[in-house]
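Mapping to full-length UniProt numbering: the sequence shown position 300 is 300, numbers consecutive.
A short worksheet on the structure shown next.
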Amino acid sequence: MSVTDMSAVVNTLRVLFQHVQTLEEFFTSVQSGHQERPVEQSDRFKSFTRETFTCTFSELLAFIINKMKRKKKRNVLTLGYNFQEQASEDCHADQLKFHGSLKQSAAYIHSSDMWKEVFLRFGTDVSRYLLESCSLFAAAPPSCVFQLCGLPVYDRVSTVASSRFYLQPGIGKRRSSRFGRNQTCHQLKRKPEIEDADLSKIRKQTVNKRKRKREETVSCESKRRRVTHQEEGQTTSGTAFKWPSATPAAIPSSEGSPSWRSGTFPPLPPSQCFIHTLGFLYRGRGMSGFLLNKKKRSSDGPGRLQGKDLIRIIFFEGLMYINGLERKPKKLPRRFFHMVPLFNRLLQQHRKCLYSRILQRICPVAEQSSVDQGELNSLLPKHCAPHRVYLFVRECLLAVIPQQLWGSDQNRLHFFARVRDFLHSGKFEKTSLAKVMWKVKVNDCDWLKISKTGRVPPSELAYRTQILGQFLAWLLDGYVVGLVRACFYATEGMRQKCCIRFYRREVWAKLQDLAFKDYLAKSQMKELCPAEVASFPKDTVISRLRFIPKTDGMRPITRFIGRDTKTKLYQAKARNFLDALQACVQSNPSLLGSTVWGLKDIHKVLSSLAPAQKDKPQHLYFVKVDVSSAYESLPHDKLMEVIGQVLSPVQEELFTVRCYSKIWMDSHEGLKKAFVRQADFLDHDFRPTNMKGFLMSQQKSGKIHSAVTVEQHFCSDYRGIETLQFFTQMVTGSVVQYRKKFYRRCRGIPQGSIMSSLLCCLCYGHMERVLFKTMSATKGCLMRLVDDFLLITPDQRQAHTFLKTLLAGVPQYGLVVNPQKVVVNFPLPERPWSGFDVHVLPSHCLFPWCGLLLDTQSLDVCKDYSRYSGLSLRYCMTLGSFHSAGLQMRTKLMSILRLKSHTLFLDLKNNSIEVVYRNIYSLLLLQAYRFHACAQNLPFGQTVAKNPVYFLQMIWDMAGFANRLIRISNKGLCLGSKNQTGVLQREAVELLLCLSFLVVLSQHRPLYRDLMARLHTWKRSLERRLGDLSLARVRQASSPKMPSDFLTIRS
């Protein structure tokens, strides 16, 4: 193996670690640093050496693993090691013996003769240092490595890591300590605070006793946090060795929730403390669960919260204080004792506040005496806009929070602006405390001050900032989020899954009842009596329903709530069952019939038809059929029959399940990671079971290269008969709880389950083999994306037969077609089809199917952008609140560009050159909309105008990345050359991107004035370099400049 083979993966490790060495280099450095000197040995020392015995390598490895498992340290060595409970609780247990089975990396090291040789040559101390404090990687030729020990390397890959790119020129030099590359920057920041506190104590010897105690408390808290960061640095640092070895170059900053909720004091820095939007989703349970209405438990019984209780919750104890858990200090410090009247007034104004009247005035609900099934669609649009919810929250904040706590009107307005942004954020977004505190002036808040006059040392200012941060974090995460959770049911929608809808509790209760009645009728669920509920087996897992609004109804999602043992066991068995099915499908793909899982499979099917259709055109007939309620209508008997036929041949087979993570470097998107779960038969192709052999076989098949991997789980003792038994139990014993009633599912499978799609595809694949076995594969193709059928055939009789069969329904498989979603491109006679409302398109048209538009004559494929009509691209992405917002924006846009630039739209073998040009322009036009949406949501007041050079470089990088993706999609074709020959030159793609960005950015000219001037210069330069034919194709593709589908897109 040559060193150059591993160069890419070594460079990846050097991004993650400061020092990367081979094991040989490490041992050389150890030996060179040790100077041997003759030492005269005394008789006492000789006696000691004769009476002392060293342990074996097996005992050393057992000691290291047991110690890390007992102290709950994260290390790759402990993955898969089942530490027995009695050994963990018994302090006298032999720590030099294994108390569980060895798996993964530990088993690899334990069985290695080379590691035993390392132990014999270098001794216990060096071997223990390597295994405990270092990250070791072993080579898997020709280009991969896998981790043997150390903190899992995937923990070091974070999307919020600091970067060298900043939005303003020169900001990196001025604020390098704030955006440091490791945790020690926080230590360096806090040292001056401690020194200032010590100096202030020396200078002011006449201060009173309480003030000295307070200063000592602040100093101790600062020292405690410094020690905490030092300990974190020790657990994640150290040199890692073998091939290759490494030490961390950048430890991702730990993120956490506000201290009042988690109970961790002192609190995290504002840049690491986040309030998540998910906090106010799926609640709507009324004001009884609101924090300020809760009662504190004590020895005297539960009582209402007082001002001192609220202070302890926010600044000292957290939510544990409500449950009666008190910690020191029992007496509030003088600074906080002076705050008690202010927080008493907050609680008094809260109890006087008429929340229901404010809510009804700002977010009114019309009274309805009775609602029937026909009014479900009329209730769906009756959700409150985020701005109305903000107005309600602002009105409550004005009525409850005393003016003194704001400090000034400016502080109050800045906090209101953060609340408005928070309520308008997407489902998976989060807001940092640093953003909440942005522009808030600490000195305006007199209630933070222990002394209103005199000089304020830096330590005092830092302590006031920390107290204000804790209060604002509680105000947003405790009061605002709690208020929204109490008064609204917040949920996402099916059309735009990141956009949150706020329903009043009364409206949502009616919607949920109507949706459940409809679901009860479709899935044929039987209500259980109390006696049947009491007779449930102990291992019965009860599921619950959550409904998601759609355009014309509600989609039921089944979920299993609970972290108890039986729920975890059920979920583990469900994953194993899915792995077994996937292994069977992998060995016999015909089980799925015409199933396609995505654009890659669609492109594979169309590639077999499109070239021949372009050479010898023939009339094609298209039939699109959509199944109504596919999951809920599957009969259990047919489901058991189909799955039984799939698993019966492999009942005695053993399955292997391997879970691993991989990290690799992308030239445009940077460091990336992915988690893979792979299942196969144990004796399939005689594949090796260890990680090294597995990686070598994966590299031979081209599935992985130049990656750093970590094996997380490996199992080889799961039999096919166990999967069949679990499936039988799952189908026959499926129990659903709605409110206080229990139901047994007699038909259908649950939506939201990890195996629902595969089960549905297996059933419909079995149906296709029975009903359409006479359909000739040479006369077109049949594709099905779960329950959406598409038939393309040159035989009109075959199209009629297919449509007639499905419209009549297939009761054996529970198949019922929704006639309103049936589309064909040929006329239908009135007699057999008079009762169906089938949509008939022209013979030559763009045929819609699953977000695609297929040319019925040439089989060219375009994307259906009409689905974006009326949507906001701001909610099609998850935006974050990070320091390196510029890098995060670039990474986000690059990943979306890679995802959307699929070969299906860019392949010149299947699509005409005009269609590919048009697809590229539409793709880049939507990318320009995304660029504007990201630029409008940059945190901390950053704008493109402050650093146009960086954003112009980002646009150039997108042009280069788009060119690379286009060439990957057309391997083997000459797309362009230096003499301006070829069908798709690099300059043509750059000009298309330039035109698309100019069209979008010109709508917001004041924001992008400097950027547009440089884009116009770039555009003129590209037009001069392009040939006449390529320039004509570019102009044809970009005409009209704004297609009709893009006119209603909101950024």
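The beta-carbon is built from N, C-alpha and C at its ideal position, and this holds for glycine as well.
Is DSSP giving residue i helix, strand or coil here?
i	result
residue 826	coil
residue 549	strand
residue 353	coil
residue 707	coil
residue 644	helix
residue 523	helix
residue 137	strand
residue 334	helix
residue 478	helix
residue 490	strand
residue 636	helix
residue 661	strand
residue 303	strand
residue 295	strand
residue 797	helix
residue 763	helix
residue 738	strand
Using a Cβ-Cβ cut-off of 6 Å (strictly less than) and excluding sequence neighbours within five positions of residue i, which residues of its own chain qualify?
i	result
residue 496	871, 875
residue 176	Residue confidence for residue 176 is low, a pLDDT of 34 falling below 50, so the modelled location carries little weight; the figure read from the coordinates is stated next. Cβ within range, chain order: n/a, list empty.
residue 519	556
residue 593	765, 768
residue 1037	917, 918, 921
residue 691	146, 711
residue 554	515, 547
residue 599	902, 904
Please go through the same chain and pick out, in chain order, the residues whose beta-carbon is closer than 7 Å to the beta-carbon of residue i, but skip the five residues on each side of it.
i	result
residue 298	324
residue 1048	869, 870
residue 424	386
By Cβ distance, which residues of its chain are closer than 8 Å to residue i, with the 5 residues on each side in sequence left out?
i	result
residue 358	392, 395, 396, 399
residue 342	307, 402, 404, 405, 447
residue 214	Model confidence at residue 214 stands at a pLDDT of 44, short of 50, so the residue's coordinates are unreliable and nothing is read from them.
Whole-angstrom Cβ separation of residue i and residue j, contact assumed at under 8 Å?
i	j	result
residue 735	residue 913	Incorrect: roughly 58 Å between the Cβ atoms, too far for contact.
residue 1076	residue 638	Lying before the first or after the last residue shown, residue 1076 is absent from the chain, which here runs from 1 to 1051.
residue 96	residue 122	That pair is no contact at about 19 Å.
residue 993	residue 959	5 Å
residue 1052	residue 361	In the structure as shown, the chain starts at 1 and stops at 1051, and residue 1052 therefore has no counterpart that could be examined.
residue 836	residue 807	6 Å
residue 879	residue 426	7 Å
residue 526	residue 718	So it is not a contact: roughly 32 Å between Cβ atoms.
residue 737	residue 544	5 Å
residue 503	residue 489	5 Å
residue 339	residue 313	Rounded, the Cβ-Cβ distance is 13 Å, inconsistent with contact.
Can you check which of these residues, the options, is closest to residue i by C-alpha distance?
i	options	result
residue 142	758, 120, 694	694
residue 727	689, 641, 360	641
residue 754	689, 137, 631	631
residue 746	1018, 731, 829, 934	731
residue 1026	1010, 1039, 986, 1003	986
residue 998	924, 975, 939, 1044	924
residue 586	455, 792, 484, 758	758
residue 1030	1019, 981, 1003	981
residue 1127	853, 860, 858, 857	The question about residue 1127 has no answer, for the chain in this structure spans 1 to 1051.
residue 785	983, 581, 953, 762	762
I'd like to confirm something about residue i: is its beta-carbon nearer than 7 Å to some heavy atom of the ligand NAD, or not?
i	result
residue 630	For the ligand NAD, the structure offers nothing, since it holds no ligand at all.
Kindly indicate if chain B contains any beta-carbon less than 8 Å away from that of residue i.
i	result
residue 668	The displayed structure is made up of one protein chain only, and chain B is not part of it.
- Pair every Cβ in the region 927 to 945 with every Cβ in the region 891 to 903, then say whether three or more of these pairs are closer than 8 Å. Yes: the two stretches touch, three or more of their Cβ pairs being nearer than 8 Å.
- How about the region 255 to 262 and the region 461 to 475: do they share at least three Cβ pairs that are nearer than 8 Å? With a cut-off of 8 Å, the region 461 to 475 and the region 255 to 262 count as touching, because enough Cβ pairs lie within range.
- Does the count of Cβ pairs from the region 820 to 828 and the region 616 to 623 closer than 8 Å reach three? Yes, the region 820 to 828 touches the region 616 to 623.
- May I ask you to verify whether the region 528 to 543 touches the region 504 to 519, counting CB pairs closer than 8 Å and requiring at least 3? The answer is no - the region 504 to 519 does not touch the region 528 to 543, with fewer than three Cβ pairs under 8 Å.
- Between the region 660 to 677 and the region 849 to 858, are three or more C-beta pairs nearer than 8 Å? Short answer: they don't touch.
- Any chance the region 72 to 79 sits against the region 654 to 669, with 3 or more Cβ pairs inside 8 Å? Touching, no.
- Message: Using a Cβ distance threshold of 8 Å, determine whether the region 435 to 450 contacts the region 289 to 297, with at least three qualifying pairs required.
- Response: With fewer than three CB-CB distances shorter than 8 Å, the region 435 to 450 does not count as touching the region 289 to 297.
- Query: Would the region 494 to 509 and the region 462 to 470 be scored as touching if the rule is three or more Cβ pairs under 8 Å?
  - Reply: With the cut-off at 8 Å, the region 494 to 509 and the region 462 to 470 do not touch.
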